[in-house]
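If you read the sequence shown in my numbering, its first letter stands for residue 1, the second for the next number, and so on.
Written out below as structure tokens is the structure these notes cover.
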Amino acid sequence: MTSTSDDNSTPEPPDFTYGNGMYSERSRKRRNEEDEEAPLAKIMLQEASSSTEMYSKASLRMMKNMGYQERTGLGKHSQGRLDPIEASNQKGRRGLGAAPDSVDLSAGQFDEKVEVVQIPESVEWLHDEADDLDELDRNKFDEWLVQGEKKFTIDDETRFCDPEILKGVLEAKNVFDNMSDFDMRRACQRSNPFETIKNAIFLNRAAVKMANIDSLLGFMFTNPVDEDGQSLVKDHELLYFADVCAGPGGFSEYVLWKRKWHAKGYGFTLRGENDFNLDNFLAGHPETFHPYYGIMGNGDIYNPDNIESLMKLIMRETGTGVHFMMADGGFSVKNQENIQEILSKKLYLCQCLAALCVLREKGHFVVKLFDLFTPFSVGLIYLMYKCFQQIAIIKPNTSRPANSERYLVCKWKKSNTDTIRRHLMDICDTLHKNDGNEDVQELVAHSVMDEDEHFFNYIYNSNNRIGRNQITGLRKIAAYAQDKTLEETRQVQIRARCLEAWGLPSTMRTAAKGQKTSPEEYCNELLRDCQDRSFMTHPEQSLNNPGKLSQIFGEVQEHWYFVALNSPESNNFNTHRTFFLSKGRKDVFMLNSKGVWERLSNSKIIVVEMCPRTLIYGEIVTELKGENRSQRSCYSLHIIDGLFLGGEDIRKLPLLERNRLCHKFAEAVNKPPEAAFGSGRTEPIRCKKLFPFRQIGAFIEGMDDYGLKNMTMRKGYMLPNTDERFYIPKALLFLCEIKSNLRMHSSSRSGEYYYFDVVKNVPFRLADLPNPRSILTSFATTFPFRFLWKWEQEYQIKSKRDPAEETEERRQMVCRSDLEHLTWLIDQKAKRHYQDP
């Protein structure tokens, strides 16, 4: 689907209002009309100004070069008329004196004093005071359901609006049946005070519309909070969202611009010409957005199987559902504008059903609707009113006043909505299979909605208010189509005011910087404040001297961590463990053994996608699934540490905080297997888990034996939250979160911890420091001070050996870097301070 159109408290009065006579002189024609008693000099000045304005600057300059003087005729002796001949207002082949057409009649009804523009718009929330959702069951829903023949008229649907409003809307729409698309479009552009906002920095107007809605509602979508104002996005959690019937993706581009890579989206839309246009996501980058087209692969929201598969995907990926869902579905109804609501009823239903399927408890929902006059539409809103704590129907300023478009906003989904979800799923299935003349006409009994006075009055008043504004907007277009000299003079001022209110820049839409630069220049730009970059080529140190282990790790290894590596050799920076740089999408590079950035896709090893302005340290891992001859392998990129994540500089953060952000980043860019993203598949991106030093023994003992394809047995580490994938660790890399000159010890008398500075040769306690976090190190210090324990022989990670089989040569190898020598540190006097994990 694609778009065809472009707090709880009492709403505060708008801080920026036009209308009701204020700023009513809108056109150049009206602006020059003055009181008859104005001074003669003033009148002459205005007339002179008016006459010169009617000429273009170029033509006026040419006329002056030929001797023309202002306020004189064009004849040889300056005789003749003084004013330019006005353009003819005749339309088509109508003769002089012909009766005016419907456009003329509608234009004559336009009254500029009736038009009111508010910035910000007023919002009225509707609360479900009864809160009786638990009392509603399937039997009652089935009793409410009314089926009958399909209906294709709407002029008698006056139950939920003033009959005169409905009549006025239909008549105003009919005026434009015979107007050309060009005239209609030009009149809309000139008459709409918000028209020059256009798409701002985004790919289309829908993105700006979402910015308008989000700002109007206190950013309830990009920063969702509960009733107490507490964030609904947990610490270190991504903001999950779904964008349904959303091509080409303007809504999602806004969210990704606002939250960057900290938001992860799932898109669902029709394949084809209205598909997502991810290549044009210039403001918000699409690496954390994942299109999905349902089990049928076509993106058809009408198919209940597609909705079911979308629900399963999102629940598996997020665990509890998305924080919010957006839906902007629509289709062309040319020459059928008056029954747009009837033609869109199935779309209304399926979008609301999808929201109930994918939203978590307390989640939000916004969906585009059109007219809301029929019992079917109002009944659907009633069911959503019961499923959420609050709802509101809004008409954002970015939605053209003359169309029927409006948005239903649903706030804080309730926990007990599954009965209604299953009921709507059954109706969706019925409508999908029914190709005959039978149709669902009503979802909720009239008596139920009539008895709920708050709901009925809300719908009635909303339809009347939006209907009146729509009539005014349609008549205004007719007036501007009739008189082409009319101009909406507030557009520039309103554009600046709205962009400021919505938090959008006033700059032009441009591509991201650095896309055409070399990876060397790109990396230099990221590290422009780093004078010494030698750390990027600093090899790790090997654990080959057991006598110095205590000097390296200290007596207490509280601040030491390790990660399991699949590629032990990296002193010469081979192609498997190194730095990775991303300029966006698949434009990813790795630092090769010669210190040169090489495009990752050229290696024919792996293709990944990451956000631009990303610089990480990681390794390419061979992941395995199954055993022996049925074993399958694939490559993946494992992040060990990070410097920049999507432009966010994390270099100065402590090790554990960097690791948490790297985990979050990997989760954001890692793609579901079902999601089609761009062209061709990409490999997974994961972040390695940091294990505390004292868990070395437990980690090794916890590895399982796997049969490899070459019929050998090796110990492997099972990756969590995967489909039983594992890899073979061949080394451990040790990282320290405190500065390299510090060691941690335990007092033999008191048992308390203290630190020792090996450079200054002084001990100190953490409590004595004014800033305890000052002992934590940044990436530039952690990276050079890392140590590698390579597992060169299988028996190095066997905690029990047969003494009879040991030779002196093996004992010497073991003494070099054996598990016993590392765990020996834990078994010393500091052991009493640890608890088994």
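Where is the CB? At the ideal position from N, CA and C, for every residue including glycine.
In this text the structure is predicted, and so the values were computed from the model without any measurement.
The straight-line gap separating the alpha-carbon atoms of residue 67 and residue 61 is approximately 10 Å. For residue 383, the closest of 215, 416, 397, 524 by C-alpha to C-alpha distance is 416. The segment 654 to 665 and the segment 753 to 769 do not touch, with fewer than 3 CB-CB distances between them shorter than 8 Å. The closest CA to that of residue 139, considering only 511, 423, 597, is found on 423.
When rounded, the separation of the alpha-carbon atoms in residue 497 and residue 559 is 52 Å. Residue 726 has its alpha-carbon roughly 36 Å from the corresponding atom of residue 249. Per DSSP, the continuous beta strand (DSSP E) segment holding residue 597 begins and ends at 597 to 599. Under DSSP, the beta-bridge partners assigned to residue 264 are 240.
CA-to-CA, the gap between residue 118 and residue 252 works out to about 26 Å.
Bounds of the alpha helix (DSSP H) holding residue 523 are 519 to 526. Between residue 368 and residue 330 a beta carbon distance of about 6 Å is seen, short of the 8 Å cut, so the two are scored as contacting. In the structure shown, the three-state DSSP call for residue 367 is strand. Each of 412, 265, 267 was checked against the Cα of residue 229, and the nearest Cα belongs to 412. With respect to the 8 Å criterion, residue 463 and residue 373 are classified as neighbours on the basis of their beta carbons. Excluding the 5 residues flanking it on each side, residue 651 has same chain C-beta neighbours closer than 6 Å at 643, 778, 779, in chain order. Every beta strand (DSSP E) stretch that sits fully inside the segment 343 to 391 and reaches 3 residues is listed by chain position as 359 to 369.
Distance check between residue 618 and each of 669, 634, 685, 72 places 685 closest, using alpha-carbon atoms only. DSSP links residue 409 through a beta bridge to 366, 392. Rounded to the nearest whole angstrom, the C-alpha separation of residue 486 and residue 237 is 52 Å. Inclusion of residue 232 and residue 323 in the CB contact set at 8 Å is warranted, their separation being smaller than that value.
The C-beta of residue 769 has fewer than 16 other C-beta atoms within 10 Å across all chains shown, which makes the residue exposed. Ranked by Cα distance from residue 269, the first of 258, 293, 657 is 293. In the structure shown, residue 705 adopts extended strand secondary structure according to DSSP, grouped into three states.
When the Cα atoms are used, residue 557 and residue 705 turn out to be separated by approximately 29 Å. Of the residues 311, 567, 123, 165, the one whose Cα lies closest to the Cα of residue 674 is 311. In the three-state reduction of the DSSP assignment, residue 446 falls in the helix class. Under the rule that a run must span 3 or more residues, the beta strand (DSSP E) segments found entirely inside the segment 723 to 749 read 731 to 736, 742 to 746. When DSSP states are grouped into helix, strand and coil, residue 152 belongs to the coil group. Between residue 325 and residue 211, the C-beta spacing is not below 8 Å. Residues of the same chain with a CB within less than 6 Å of the CB of residue 284, apart from the 5 flanking positions on each side, are 253, 256, 257 in chain order. Residue 512 and residue 580 have their C-alpha atoms roughly 19 Å apart.
DSSP, reduced to helix, strand and coil, places residue 172 within a helical segment of the structure shown.
Residue 717 carries a strand assignment under DSSP once its states are collapsed to helix, strand and coil. Sequence-distant partners of residue 747 (beyond 5 residues in either direction) whose C-beta falls short of 7 Å from its own C-beta, in its chain, are 754. Counted as a single uninterrupted DSSP element, the beta strand (DSSP E) harbouring residue 590 occupies residues 588 to 591. Take residue 538, set aside five residues on each side of it, and the residues of its chain with a beta-carbon closer than 7 Å to its own are 783, 784, in chain order.
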